[in-house]
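In the numbering used here, the protein residues as written are 49 to 251.
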């Protein structure tokens, strides 16, 4: 298997899906019925997907993340999970103006993310930068779990506690992703901006 060519194809597919997702979400702003509520959801979605995309550029394509054994299986699983994750973003983009569905779609997205983190975790012991990878994976797993709980709490508040959907709800999500980015880049700075240029290079 030509790892370089498959990595390039995977990167191109991810880029196309990110572009389609952003187009679907941002196009909702042009809708005359668009509200501040929908715009907050779109801003949350946009920041979220761009953060994920940056992580994919820096980490997924790095040779440090490739296991020495069963590399073909790793590549196939990585390709499938990345594609599924980005298709998930595309689905989320369709519901930025339907808040309850937006919440459920984001939970599904985070569950796929946890599967990806688990997949990445498997290769940690085979990496020269195992300590860094372990720290990053543990942080990502913790934040995804926190986000799932937060989304579930909002769903319960709306569905079972009969709370009125209000502007503060997407505001809380937006605040959480901003805090996440600040913590993520602080904790995993060398991960996103490695001192070795080859780690961050796309084939």
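Glycine included, each C-beta is placed from N, C-alpha and C at the ideal position.
Where residue i falls, given that 16 or more other Cβ within 10 Å makes a residue buried
i: residue 215; result: exposed
i: residue 220; result: exposed
i: residue 148; result: exposed
i: residue 69; result: buried
i: residue 194; result: exposed
i: residue 241; result: exposed
i: residue 231; result: exposed
i: residue 106; result: buried
i: residue 255; result: Because the chain spans 49 through 251 in this model, residue 255 falls outside it and cannot be assessed.
Contact check, residue i vs residue j, beta carbons under 8 Å
i: residue 171; j: residue 92; result: no
i: residue 135; j: residue 196; result: no
i: residue 101; j: residue 140; result: no
i: residue 73; j: residue 144; result: yes
i: residue 202; j: residue 217; result: yes
i: residue 158; j: residue 192; result: yes
i: residue 190; j: residue 162; result: no
Through-space distance from residue j to residue i, alpha-carbon basis
i: residue 88; j: residue 133; result: 22 Å
i: residue 200; j: residue 124; result: 31 Å
i: residue 207; j: residue 64; result: 35 Å
i: residue 239; j: residue 180; result: 7 Å
i: residue 252; j: residue 237; result: Summary: the structure shown does not reach residue 252, with the chain confined to residues 49 through 251, and so no result is reported for it.
i: residue 205; j: residue 223; result: 18 Å
i: residue 59; j: residue 126; result: 11 Å
i: residue 150; j: residue 90; result: 10 Å
i: residue 152; j: residue 233; result: 27 Å
i: residue 94; j: residue 146; result: 16 Å
i: residue 212; j: residue 142; result: 22 Å
Beta-carbon separation (whole angstroms), residue i vs residue j, contact threshold 8 Å
i: residue 83; j: residue 76; result: Not really, about 10 Å apart at Cβ, beyond 8 Å.
i: residue 96; j: residue 225; result: 5 Å
i: residue 160; j: residue 138; result: So it is not a contact: roughly 12 Å between Cβ atoms.
i: residue 62; j: residue 104; result: 6 Å
i: residue 99; j: residue 235; result: So it is not a contact: roughly 14 Å between Cβ atoms.
The ligand SAH heavy atom lying under 7 Å from the CB of residue i
i: residue 95; result: Looking for the ligand SAH in the displayed structure turns up nothing, as the structure carries no ligands at all.
For the stretch 162-171 and the stretch 181-190, state whether three or more C-beta atom pairs, one from each stretch, are separated by less than 8 Å.
-> yes
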